[in-house]
Structures are given as structure tokens and as C-alpha cells.
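S.K.:
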Amino acid sequence: MAAIFGTSQSTAHRIIRDLLPAVPALFDDGGGARHGETLLLDNTLIPVHDQSLTRPSKNYRRSVTIHVLATTTRRIVHVGRAWPGNRNDIIVAKATVNLPAGVTTLTDGGYRSLPGATLPPPKTDEQRHAAHRKIRARIEHILARMKDWQMLRQCRRRGNNINHPARAVAFLYNPNYGRYL
1 MAAIFGTSQS TAHRIIRDLL PAVPALFDDG GGARHGETLL LDNTLIPVHD
51 QSLTRPSKNY RRSVTIHVLA TTTRRIVHVG RAWPGNRNDI IVAKATVNLP
101 AGVTTLTDGG YRSLPGATLP PPKTDEQRHA AHRKIRARIE HILARMKDWQ
151 MLRQCRRRGN NINHPARAVA FLYNPNYGRY L
């Protein structure tokens with residue numbers, strides 16, 4: 001970056017360090033779902049080196065959990081704030097997710113008591129269960145693509161600064177992130 005703009009490396013680093021937290025604020029990400037649209041909700045674990053926010057979890061030594069709300073067309077609508085990685089999906093969702101009215105939200109079985117969430121039908125109803133599973137696979141693909149980014153795979157940010165790269169990756173994945181209000 002420094003060579004491109006003809007500045008020193010320390011100046012480029014200082015500018016990036018100071019401006020990176022302001023970039024997500026440019027994109028208002030609150031409730032960007034259209035009426036009648038189907039949304040998908042799921043949480044994912046992100047390994048983080050900082051121990052102030054993280055907790056040991058089942059899959060990683062130190063991680064945070066973030067939730068992602070996306071449409072069935074793979075458009076990311078909302079990326080939630082980071083919580084310690086040992087929290088259940090329902091605890092994080094109840095504290096941070098406000099599901100829009102008039103919108104169907106498909107979740108997995110971990111969101112049993114979340115108001116407005118559509119849980120998978122029982123396995124005895126195989127046809128409906130398979131349809132729900134096929135649609136929900138899209139959110140798993142979105143989360144996998146988000147975690148392909150190096151800044152989320154080996155996050156060395158401190159404290160709540162994990163939220164900035166998560167929203168930046170959502171914007172890079174979907175350039176219209178937050179513009180459908």
C-alpha cells in the first residue's frame with residue numbers, strides 16, 4: 001500500500017489502523033430484509049488469539065461466535081457482534097437478533113425458543129424436513145465462504161475489534177451489504 005501511494009510503510013499502517021474501524025460504520029446493516037423474504041440464521045465460531053473476549057469452545061481452543069442473517073439468494077443482511085465461543089446459539093440470538101416482522105426465518109434446532117424462528121420439521125415428515133435442510137444448506141455455504149478469508153481464519157485483533165473484519169468480509173462477499181433497507 002505504501003508504494004502505491006508513495007508514502008512510508010509506517011504512514012500507510014497508521015492510516016489503515018485508524019480508518020479500518022470506521023469502514024463498517026459506512027454501511028448500515030440493521031434489518032435489511034424485504035417484506036415476504038425468507039431469511040436464514042446461523043452462528044459460526046471464529047478462532048481468535050486475544051483471550052479477553054474469547055472462551056474455550058468445543059472446536060477451537062479460543063474462539064468467538066458471530067451470527068449471520070442471510071437471504072435464500074445468499075445475500076448477507078446482518079452480521080452480529082462477537083460473543084465468547086462457548087455460548088449456545090440461542091443465548092447469542094436472544095440477546096442480539098431482532099427478527100423482522102413479516103419475514104420467515106429458517107433456523108436449525110439450536111434456536112428452539114427464539115420468537116419468529118422456523119425450526120426444522122420433525123424427521124418423521126421426511127419431505128418437509130428435506131426441503132428445510134436443502135434451503136438451510138445455503139447459510140452453511142455462506143459461513144464457509146466467509147471463513148475462507150485469512151482475516152477470519154487467523155484473527156489477531158484484540159477485544160471487540162473482531163467485529164470490524166467480520167463486517168468487512170460480509171461487505172466483500174456481498175457489495176450491497178446493508179443497502180437494502
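Numbering (UniProt numbering), first residue to last: 1 to 181. Backbone N, C-alpha and C define an ideal beta-carbon position, used for all residues, glycine too.
Assign S52 to one of three DSSP states: helix, strand, or coil.
M.R.: The residue labelled residue 52 in the question sits at position 52 within the sequence shown. S52: coil per DSSP, three-state reduction.
S.K.: From which residue to which residue does the beta strand (DSSP E) around V79 run?
M.R.: Mapped onto the sequence shown, residue 79 falls at position 79. That run of the beta strand (DSSP E) goes I76 to V79.
S.K.: Where G30 and D18 are concerned, what is the direct C-alpha to C-alpha distance, given to the nearest angstrom?
M.R.: Sequence index remark: in the sequence shown, residue 30 carries index 30 (1-based). Sequence index remark: in the sequence shown, residue 18 carries index 18 (1-based). With a pLDDT of 43 at G30, under the threshold of 50, the predicted position of this residue should be treated as unreliable, though the coordinate-derived value follows. For G30 and D18, the distance between alpha carbons rounds to 24 Å.
S.K.: Could you round the C-beta distance between M146 and P165 to whole angstroms and report it? I think they count as a contact, below 8 Å.
M.R.: As a working note, residue 146 is residue 146 in the sequence shown. As a working note, residue 165 is residue 165 in the sequence shown. Not quite, the Cβ-Cβ distance comes to about 10 Å (not below 8 Å), so this is no contact.
S.K.: Considering only residues of the same chain and omitting the five flanking positions on each side of Y111, which have a CB-CB separation below 8 Å?
M.R.: For the purposes of this step, residue 111 is identified with residue 111 of the sequence shown, where counting begins at 1. Around Y111: L41, D89, I90, A93, A117 and L119.
S.K.: If you draw a straight line from the alpha carbon of R87 to that of I4, how long is it in whole angstroms?
M.R.: As a working note, residue 87 is residue 87 in the sequence shown. As a working note, residue 4 is residue 4 in the sequence shown. Approximately 43 Å between the Cα atoms of the pair.
S.K.: Can you look up N161 in the DSSP assignment and give me helix, strand or coil?
M.R.: Mapped onto the sequence shown, residue 161 falls at position 161. Of the three classes helix, strand and coil, the one that applies to N161 here is helix, per DSSP.
S.K.: For G80 and T96, which I take to be in contact (beta-carbon distance under 8 Å), what is that distance rounded to the nearest angstrom?
M.R.: By 1-based counting over the sequence shown, the position of residue 80 is 80. By 1-based counting over the sequence shown, the position of residue 96 is 96. Yes, G80 and T96 are in contact; Cβ-Cβ is about 5 Å, under 8 Å.
S.K.: Compare the Cα-Cα distances from P122 to each of P115, V77, L99 and G109 and report the closest residue.
M.R.: For the purposes of this step, residue 122 is identified with residue 122 of the sequence shown, where counting begins at 1. Checking every option, the nearest Cα to that of P122 belongs to G109.
S.K.: Please tell me whether A70 and L39 are closer than 9 Å, where the distance is taken between their beta carbons.
M.R.: Numbered from its first residue, the sequence shown carries residue 70 at position 70. Numbered from its first residue, the sequence shown carries residue 39 at position 39. In contact: A70 and L39 (Cβ atoms closer than 9 Å).
S.K.: How is P21 classed by DSSP in three states: helix, strand or coil?
M.R.: Locating residue 21 in the sequence shown gives position 21, where the first residue counts as 1. It is helical.
S.K.: Taking K134 as the reference, which of R153, T72 and R156 has the closest Cα?
M.R.: The residue given as residue 134 occupies position 134 in the sequence shown. Per the Cα distances, T72.
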